[in-house]
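Read through the structure below, which is laid out as structure tokens, and then see the notes.
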Amino acid sequence: MGRYFPILVVLTFAVMAAPSAMADCSNNSCFAASINSNFNGTAIPGNDTIWFNSVIKPGSIPATGATVFFDNQTISFSSGNTNYNLAVPNTQIDFYASGNPCSGGASSCTTFDNATNSWITYQPVSATGNGNTFLSGLAFQVPASGLPGGIGSVTWSGDFNANPSLGLSWQWAAAAYSNFGADCSGTNAATCTGDYNSLGVKPIDANSGSIYANSDHAGTPEYFTKYVIGGARGGGGANYTGSYSGTQSFTAPPGGPPVNPIPEPGTFILIGTGAAAAIRKIVKK
Numbered sequence: 021m022g023r024y025f026p027i028l029v030v031l032t033f034a035v036m037a038a039p040s041a042m043a044d045c046s047n048n049s050c051f052a053a054s055i056n057s058n059f060n061g062t063a064i065p066g067n068d069t070i071w072f073n074s075v076i077k078p079g080s081i082p083a084t085g086a087t088v089f090f091d092n093q094t095i096s097f098s099s100g101n102t103n104y105n106l107a108v109p110n111t112q113i114d115f116y117a118s119g120n121p122c123s124g125g126a127s128s129c130t131t132f133d134n135a136t137n138s139w140i141t142y143q144p145v146s147a148t149g150n151g152n153t154f155l156s157g158l159a160f161q162v163p164a165s166g167l168p169g170g171i172g173s174v175t176w177s178g179d180f181n182a183n184p185s186l187g188l189s190w191q192w193a194a195a196a197y198s199n200f201g202a203d204c205s206g207t208n209a210a211t212c213t214g215d216y217n218s219l220g221v222k223p224i225d226a227n228s229g230s231i232y233a234n235s236d237h238a239g240t241p242e243y244f245t246k247y248v249i250g251g252a253r254g255g256g257g258a259n260y261t262g263s264y265s266g267t268q269s270f271t272a273p274p275g276g277p278p279v280n281p282i283p284e285p286g287t288f289i290l291i292g293t294g295a296a297a298a299i300r301k302i303v304k305k
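Numbers given in the working numbering equal positions in the sequence shown, counted from 1, plus 20.
The following block contains the structure:
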């Protein structure tokens, strides 16, 4: 029985991701963010998958809660004579004060809304001091010819919208996988859909509060960890998300403008923006 894999097909025209419930920018709380980093020296075999993932760490969340949006996201890099401009799904994170929108006994959870092409994460305000929260993710199937190691100037950009004066920091990472997507083998074959909900993305760093009671990083695709290999920004083993980029910290206007990223050791950070020209397809392999 075949398996379904999410891939990105690069086109010559821009295709915008379907928006989530994007917040109103009339309060001047919207602003652009961008972090540039690089891949390690490990080549990635053709048709394997790069799991791009990002995390956010909030500062002081109001007791009444807060919402963060991250829209118009793109990941751009070049290899050889090919330019890759990848469209990333939108993001909504609700730091809630009361009521639990999660199921299964969890207080923090991440789901993917296929109708709006959006990641949605819930976390209680009381738990925001326990490490990172998953921000966004993209699965990119490597071309059949593979990708070399050492690709530089990989840039993740997007537009943040948050409660005015809310302080946040974010980073991104990337890990390579030999098998990724929905598990369409055995009893799962009849109901396999191949969407991001099949990954089991861990919503938070903490080893409690979600259904994944372990020390894995937020953004770990828990149902596919056995397939992680070296490449992108990861070394395989237990490094399921890959190593993090430099950190970009900001205070949402009107509290202040975003500040430049803090460079990772030995890496030059270039702030820039880019346009996306990609679509996500589900193909049977």
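Virtual Cβ for every residue (Gly too), placed ideally from N, Cα, C.
Through-space distance from residue j to residue i, alpha-carbon basis
i: T271; j: N181; result: 11 Å
i: N150; j: A226; result: 6 Å
i: G201; j: N110; result: 19 Å
i: G187; j: A147; result: 16 Å
i: S123; j: P241; result: 18 Å
i: T84; j: C129; result: 19 Å
i: G169; j: T94; result: 21 Å
i: P82; j: S228; result: 22 Å
i: Y142; j: L155; result: 11 Å
As assigned by DSSP and simplified to three states, the class of residue i
i: F200; result: coil
i: N217; result: helix
i: G61; result: coil
i: V145; result: helix
i: Y116; result: strand
i: K246; result: helix
i: F179; result: Reading off the sequence, residue 179 comes out as Asp, not Phe. Residue state, collapsed to three classes: strand.
i: A107; result: strand
i: K77; result: strand
i: A53; result: strand
i: P19; result: Within the shown structure, residues of the chain are numbered from 21 to 305, placing residue 19 beyond reach of any answer.
i: A306; result: Outside the shown range of the chain, which is 21 to 305, sits residue 306, and nothing can be said about it.
Beta-carbon proximity of residue i to residue j, cut-off 8 Å
i: T131; j: N56; result: no
i: Y197; j: G220; result: no
i: K222; j: Y232; result: yes
i: S99; j: I171; result: yes
i: L158; j: I64; result: no
i: A195; j: Y264; result: no
i: A86; j: F51; result: no
i: A92; j: V162; result: The sequence given here has Asn at residue 92, not Ala. Not in contact: N92 and V162 (Cβ atoms no closer than 8 Å).
i: V174; j: F90; result: no
i: N137; j: S127; result: no
Original post:
Taking one C-beta from the region 56 to 71 and one from the region 247 to 260 each time, how about it: are there three or more such pairs within less than 8 Å?
Top reply: Segments in contact, yes.
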